[in-house]
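Undergrad: Structure in structure tokens, see below.
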Amino acid sequence: MYLIWSFDTEDYITPQADDALLEWAKLLTRHDVIGTFCMVAEKARQLRARNRDDVIDALRLHRIAYHSNWHSRHPVYTEYLNECGWDDGVAEVEKRESDGIRDVAEIMGRFPCADVPPGKSWGPQVIAAMKKMGIRISAGAYVVDKGRAPASYCGGMTLRYGMAMEDIFNQDDPLRAAQELFTKTAEETDSKHGVIIPFSHPCMAVTDRFWDGLNFANGQNPPPEEWKPAPLRKAGESERFFAFVDEFLGWLKSQGGLEWTTYSRLLEKYPLGRPVAVTLDAVLKMAEQCRERVDYVDLGVDTYTAAAVLTMLVRTYVGGRKDGKLPVQIPHASPLGPIEDPPLQSEGGELDIGELLPALVIYNEELANDRPMPASINVNGITLSPSDLIMTLAEGIISWAVRGRIPERLPIKRGPMFPEIINTLKDTRKPFVFNKEWPIFADDFQGENVAAMARRMVWSYRPLKRARE
Ligand SMILES: [Zn+2]
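When the letters of the sequence shown are read in order and numbered with this note's numbering, they come out as residues 63 to 531.
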């Protein structure tokens, strides 16, 4: 089990939050712990403007991640992505965030190693855009593994946040509450590959309320001259908070079975790299698993997203179409999900191989790494969804392998709208719900288009495997 300490460093309005940040950095250093400070770009710019070189220097002993350009200032990710499709959404995130990433890298002296969504503000386009801009990890993400193991979604690594120190501090006996919560979290975490990420908002060590709720709650968006600093905690409370985390860190360091690590190190151990090709044997195993059940596939040494499985099956037919023999190697690609819902179809029937193969050749041209896959395929007037295609092609490949020749007719199988894993993902961190999930959103904000896009992108989900050492 791994452990990473993460800090959402965001209050750019309350100057006293800078001191809390310094205190956290020093406390970690005293415990010989490396923390990751996830910087809002405006916070980094304010540190520079307020001449807080002491804070920036103290953070040099730690790691730097990214926490958006402006955090809660409207429009936030989900708000503008709700009006976007895929490519324009990715482009919009790049346009709005590239300056922020540049500023954080320049001011903090390092390129951010991960990105953290502000509150519930996220969209699948953010993960894709961050990857294009060089940030491949989304920590505190919403589409995550139930057992907190590293997973991949939209081509990036996703990790789940654990326990918030400031929430625990509000309880009667914070140290005991923290120990109990940690023990409970560890029980729910995969003992080998799980990652527990305790976190804190450094500002909340000195402020009584969140800085952003005060200024940007319920969709309000005042101009900078009207921004109000957060009220401060009562005298002595901040000292009590740091005494509590000091004790908790000491206790945590005495616990066995934990590998204290960093985001970058985790990415080395659980690489996102993908094979150039897979063997026929692997494709046959995929076909066996997917003939009745559409999902990502775990073949022990590696995992394949449902979109990659679809690609491998399509390419088996494309590779074998000339001589009717199963190809020995199949070129790999891991596309994203479709950007629209496939049309609902229920009728069965059969596909003629002479009509299917040319349609697969055209379909295959659109299957590429990190690009959306087509929402449907049309074979001589019959429409198949990606799930229909997976199950139909899988059944055909199994019969092909048994009989030694390409089947002339394929019975159509009808599959579900999404890979099965969606049922686990939707309950783990409610990634497809936005309404009233974050006080910064307007009360009536639904984010329905982002939710729909996020569901379709489940085609790009898979758990990550640890690289052999
Ligand atoms: Zn935040």
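Glycine included, each C-beta is placed from N, C-alpha and C at the ideal position.
#1: Between the C-alpha atoms of residue 139 and residue 465, what's the straight-line distance to the nearest angstrom?
#2: When you compare only the Cα positions, how much space is there between residue 204 and residue 176?
#3: May I ask you to verify whether the segment 428 to 435 touches the segment 389 to 401, counting CB pairs closer than 8 Å and requiring at least 3?
#4: Unbroken alpha helix (DSSP H) runs of length 4 or more, entirely within the segment 442 to 467: which are they?
#5: Beta carbon of residue 180: closer than 7 Å to some heavy atom of ligand 1?
#6: Identify whether residue 412 lies in helix, strand or coil by the three-state DSSP scheme.
#7: Between residue 460 and residue 377, which are expected to be in contact by the criterion C-beta below 8 Å, what is the C-beta distance as a whole number of angstroms?
#8: Helix or strand or just coil, what does DSSP make of residue 374?
#9: Would you list, in sequence order, the uninterrupted beta strand (DSSP E) runs of no fewer than 3 residues that lie entirely inside the segment 139 to 178?
#10: Please find out if some non-hydrogen atom of ligand 1 comes closer than 7 Å to the beta-carbon of residue 136.
#11: Comparing the CB of residue 229 with every heavy atom of ligand 1, is any distance shorter than 7 Å?
#12: Which residue comes first and which comes last in the alpha helix (DSSP H) that contains residue 472?
#13: Taking the alpha-carbon of residue 228 as reference, which of 172, 256, 301 and 276 has the nearest alpha-carbon?
#14: Hey, how far is the Cα of residue 479 from the Cα of residue 428?
#15: Report back the beta-carbon spacing between residue 226 and residue 233 to the nearest angstrom; my notes put them in contact at under 8 Å.
#16: Which residues does DSSP list as the beta-bridge partners of residue 391?
#17: My guess is that residue 201 and residue 502 are in contact by the Cβ rule of under 8 Å, so how many angstroms apart are they, rounded?
#18: Taking the alpha carbon of residue 536 as the reference point, which residue from 84, 423 and 110 has its own alpha carbon closest?
#19: Provide the residue span of the beta strand (DSSP E) that contains residue 219, from first to last.
#20: So residue 495 and residue 513 are supposed to be a Cβ contact under 8 Å. How far apart are they, rounded?
#21: Does the pairing of the segment 247 to 256 with the segment 267 to 274 give three or more beta-carbon distances under 8 Å?
#22: State the DSSP-derived secondary structure class of residue 236, mapped to helix, strand or coil.
#23: May I ask you to list the residues that DSSP assigns as paired with residue 322?
#24: Which two residues bound the contiguous alpha helix (DSSP H) that contains residue 517?
#25: Look up residue 122 in the DSSP assignment and say whether it is helix, strand or coil.
#26: Report yes if the C-beta of residue 129 is less than 7 Å from at least one heavy atom of ligand 1; otherwise report no.
#27: For residue 486, does the count of other Cβ atoms within 10 angstroms reach 16, so buried, or fall short, so exposed?
#28: Can you check DSSP and say which residues form a bridge with residue 214?
#29: On the DSSP bridge list, what partners appear for residue 99?
#30: Should residue 282 be labelled buried (16 or more other beta-carbon atoms within 10 Å of its own) or exposed?
#31: Is residue 72 a contact residue of ligand 1, with contact defined as CB to any heavy atom under 7 Å?
#32: Just to confirm, are residue 529 and residue 389 a CB contact at a threshold of 8 Å?
#33: Need the endpoints of the alpha helix (DSSP H) that residue 564 sits in, please.
#34: Just to confirm, are residue 163 and residue 329 a CB contact at a threshold of 8 Å?
TA: Based on what the coordinates show:
#1: 52 Å
#2: 15 Å
#3: yes
#4: 448 to 465
#5: yes
#6: strand
#7: That belief does not hold up - the Cβ atoms of residue 460 and residue 377 are roughly 16 Å apart, past 8 Å.
#8: helix
#9: none
#10: no
#11: no
#12: No alpha helix (DSSP H) contains residue 472, which is instead part of the beta strand (DSSP E) from 471 to 473.
#13: 301
#14: 20 Å
#15: The Cβ separation is near 12 Å, so there is no contact.
#16: 341
#17: Contact flag wrong, Cβ pair sits at about 19 Å.
#18: Residue 536 lies beyond the range of the chain shown here (63 to 531); nothing can be said about it.
#19: 218 to 220
#20: 7 Å
#21: no
#22: helix
#23: 65
#24: 510 to 518
#25: coil
#26: yes
#27: exposed
#28: 219 and 524
#29: 69 and 126
#30: exposed
#31: yes
#32: no
#33: Residue 564 lies beyond the range of the chain shown here (63 to 531); nothing can be said about it.
#34: no
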